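Sequences listed follow chains H and L, in order.
Using numbering that gives the first Met the number 0, the first residue of the first sequence is number 0, and each one after it goes up by one.
Using numbering that gives the first Met the number 0, the first residue of the second sequence is number 0, and each one after it goes up by one.
Positions of the beta carbon are idealized from the N, C-alpha and C atoms, including for glycine.
Bear in mind the structure is a predicted one, so any value in this text is a computation, not a measurement.
The next block holds one structure in the form of structure tokens; read it before the comments.
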Amino acid sequence: MKVEFELNGEAVAVQVEARISLADCLRDNLGKTGTHLGCEHGVCGACTVLVNGDAVRSCLMLAAQVDGEKVVTVEGLSGDDLSPLQASFRKHHALQCGFCTPGFITTAHALLTSEPDADEERVRDVLSGNLCRCTGYVPIVEAVLDARKFYAGAKENS
Amino acid sequence: MKPSAFEYKSPATLGEAVSLLAAGNGNAKLIAGGQSLMPMLAFRLAAPELLVDLKRIRDLDAITITEDGIALGAKVRWCDIAGDQRLATAHPLLAEAIRHVAHYQIRNRGTVGGSMAHADPSAEMPGIALTCDARLEIIGAGGRRVEEAADFFQGLLQTSLAPDEIITSVHLPAWPAARRWAFREFARRKGDFAMAGVALFYDLDERRCAANVHIGAIGVADRPVRLASAEAALNGKPVNENSIAAAVAAARAEIDPPSDIHAPAAYRRSLLGTLLERGLNQSIG
């Protein structure tokens with residue numbers, strides 16, 4: 000079936016089987032391999048993308064379900080340089096192997112965009128849906144908390 | 000971890016959706032948020048021939064609050080409930096319970112109707128619906144009907160829904176401002192399915208005794224259950240150390256929880272009593 004949606008600001012159209020998940024469509028049909036697939040059943044959070052601004056698990060959506068919607072992957076969150084959130088991850092050593100990182104970045108971006116004043120408890124609650132087997136989470140939480148200042152300004156200007 | 004092949008339709012009206020389900024002859028399934036169904040498909044625990052998506056159907060996503068109570072449209076998401084400030088007073092038990100549903104990303108997609116239809120015995124929404132005497136509005140090929148939550152849940156992932164039926168809304172009776180309540184659940188990691196949980200409320204009569212006691216439990220049977228003996232132990236009594244101890248003993252005696260890889264039955268029985276004790280102590284205020 001044909002599915003048309005907006006991906007990282009550009010209109011795309013793909014031909015997929017109905018059973019294809021959004022995650023597989025992004026990776027295999029559209030070449031956006033920044034979206035990582037860990038568990039494929041909604042447990043690890045690595046495949047998190049934004050649909051109409053909400054952080055969702057792309058393995059728990061069908062590609063068909065984003066017809067007409069706006070999808071943003073980790074590729075859509077930065078230009079040629081690192082985004083402030085990505086730079087904060089680097090500064091705080093919030094990744095080691097990096098497999099889980101796209102899911103953390105998309106999730107934290109969605110959170111800080113709507114709640115730039117999120118406190119540590121809220122950040123930990125939101126990030127509890129993403130698994131990381133390297134860092135022990137502490138530097139990830141620090142990176143997200145440190146990045147809040149960039150989003151606070153962005154929200155005031157919008 | 001790939002679903003088997005199926006057809007996909009996203010009709011624009013409830014009537015079309017019902018017709019598609021009816022024509023599917025038991026081999027069609029509804030999808031909305033998909034947060035329970037997609038894992039079932041990935042594991043091939045479900046292998047429908049047709050998925051009917053509610054995505055384009057309007058008017059199922061409202062939270063309506065009147066003096067009769069609260070109506071939750073079937074497509075209301077957990078994040079919609081969390082973001083509705085009115086519910087903090089209009090139904091604090093619902094608002095608190097929904098804070099425990101899964102994780103951030105799932106709360107952005109999972110729906111009230113989907114959770115009710117999936118009928119996981121550990122899930123919060125079915126537990127709240129049962130505890131609060133909710134009514135479900137259902138549409139099918141035979142027309143519309145209303146079902147009490149107590150009759151709706153029929154076993155592990157089993158409900159009274161016919162293959163051609165769709166939940167359109169869930170109604171919770173009005174919540175008096177002075178009502179006492181608590182919600183407690185325990186999971187090893189935040190956001191996981193609860194090993195056990197308890198939802199409770201009661202009103203205080205003119206003698207400051209508990210009346211209209213409702214106690215529901217999740218994770219301790221093949222469906223959400225009301226704890227009739229524990230309710231009887233509190234009804235008409237002042238809520239104090241003695242009546243709480245009696246209710247906890249009654250609750251532990253009346254449940255017959257399952258053993259599984261997460262916890263043996265004895266642990267769940269003990270846990271439920273502890274959660275009930277803490278909840279009742281919290282409800283005294």
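- Of the residues H:Leu-29, H:Cys-96, H:Gly-41 and H:Ala-146, the one whose Cα lies closest to the Cα of Ala-107 of chain H is H:Ala-146.
- Across the set L:Asp-163, L:Asn-107, L:Thr-167 and L:Ala-21, the C-alpha of L:Asn-107 shows the shortest separation from the C-alpha of Val-55 of chain H.
- Put simply, the stretch 56–65 of chain H touches the stretch 22–35 of chain H. At least three CB pairs are less than 8 Å apart.
- Taking CB atoms only, Thr-47 of chain H has a neighbour in chain L less than 8 Å away.
- In terms of CA proximity to Asn-26 of chain L, L:Ala-45 leads the group L:Ala-45, L:Leu-155, L:Phe-185 and L:Tyr-201.
- In this structure Thr-88 of chain L is exposed. Its beta-carbon is surrounded by fewer than 16 other beta-carbon atoms within 10 angstroms.
- Taking every protein chain shown into account, the CB of His-92 of chain H has fewer than 16 other CB atoms within 10 angstroms, so this residue is exposed.
- In terms of Cβ geometry, Asp-132 of chain L and Ala-116 of chain L do not form a close pair [threshold 8 Å].
- Taken in chain order, the members of the stretch 1–30 of chain H whose beta-carbon sits within less than 9 Å of a beta-carbon on chain L are Glu-16, Ala-17, Arg-18, Ile-19, Ser-20 and Asp-23.
- With fewer than 16 neighbouring CB atoms inside 10 Å of its own CB, Glu-3 of chain H falls in the exposed class.
- Only Ala-54, Val-55, Arg-56, Cys-58, Leu-59, Met-60, Leu-61, Ala-63, Gln-64 and Asp-66 from the stretch 54–79 of chain H bring a Cβ to less than 8 Å from some Cβ of chain L.
- Within chain L, the C-beta atoms nearer than 7 Å to that of Ser-127 of chain H come from His-102, Lys-189 and Gly-190, in chain order.
- Asn-129 of chain H carries a coil assignment under DSSP once its states are collapsed to helix, strand and coil.
- Nearest Cα to Val-51 of chain L within the set L:Gln-157, L:Ala-122 and L:Asp-163: L:Asp-163.
- Residues Ala-109 of the same chain have their beta carbon placed closer than 8 Å to that of Asp-53 of chain H, with the five preceding and five following residues left out of the count.
- Proximity to Leu-49 of chain L across H:Ala-45, H:Glu-16 and H:Glu-68 peaks at H:Glu-16, based on C-alpha coordinates.
- Residue environment analysis places Pro-263 of chain L among the exposed positions, since fewer than 16 neighbouring C-beta atoms fall within 10 angstroms of its C-beta.
- Sequence-distant partners of Arg-134 of chain L (beyond 5 residues in either direction) whose C-beta falls short of 8 Å from its own C-beta, in its chain, are Val-145, Glu-146, Glu-147, Ala-148, Val-169 and His-170.
- One Cα belongs to Leu-126 of chain H, the other to Gly-142 of chain L, and the distance between them is close to 44 Å.
- Within the model, the alpha-carbon separation for Leu-94 of chain H versus Gln-34 of chain L is close to 28 Å.
- Boundaries for Val-51 of chain L: no alpha helix (DSSP H) harbours it, while the beta strand (DSSP E) harbouring it runs 49–52, taken from the DSSP string.
- Taking 8 Å as the upper bound for CB-CB distance, Leu-274 of chain L and Arg-183 of chain L are in contact here, some 4 Å apart.
- For Leu-71 of chain L, the enclosing beta strand (DSSP E) covers residues 68–72.
- Counting only Cβ-Cβ distances below 8 Å, His-40 of chain H has contacts in chain L at Met-0, Met-37, Pro-38, Ala-41 and Phe-42, in chain order.
- For the options L:Gly-235, L:Ser-114 and L:Pro-257, the alpha carbon positioned closest to that of Leu-156 of chain L is the one of L:Ser-114.
- The stretch 188–200 of chain L makes contact with the stretch 214–227 of chain L: 3 or more CB pairs, one atom from each, lie closer than 8 Å.
- Cβ contact annotation for Asp-79 of chain L (same chain, cutoff 8 Å, sequence separation greater than five): Asp-60 and Ile-62, in chain order.
- Annotation for Phe-149 of chain H: Pro-83 place their beta carbon closer than 6 Å to its own, counting only its chain and skipping 5 residues before and after.
- Following the DSSP letters along the chain, one finds Trp-180 of chain L inside the beta strand (DSSP E) bounded by residues 179–185.
- Thr-106 of chain H belongs to the set of residues whose beta carbon lies under 8 Å from a beta carbon in chain L.
- Between Ile-165 of chain L and Leu-29 of chain L, the gap from beta carbon to beta carbon is short of 8 Å.
- In its chain, beyond the 5 residues on either side, Pro-2 and Ser-3 have a beta carbon closer than 8 Å to the beta carbon of Arg-43 of chain L.
- Interface residue (Cβ-Cβ distance to chain L less than 8 Å): Gly-44 of chain H is classified as such.
- The Cβ atoms of Ala-249 of chain L and Asn-234 of chain L lie no closer than 8 Å to each other.
- Along the stretch 26–105 of chain H, the beta strand (DSSP E) occurs as fully enclosed runs of 3 or more residues at 47–50, 53–56 and 69–71, listed in sequence order.
- Look at Phe-5 of chain L: its C-beta is under 8 Å from a C-beta on chain H.
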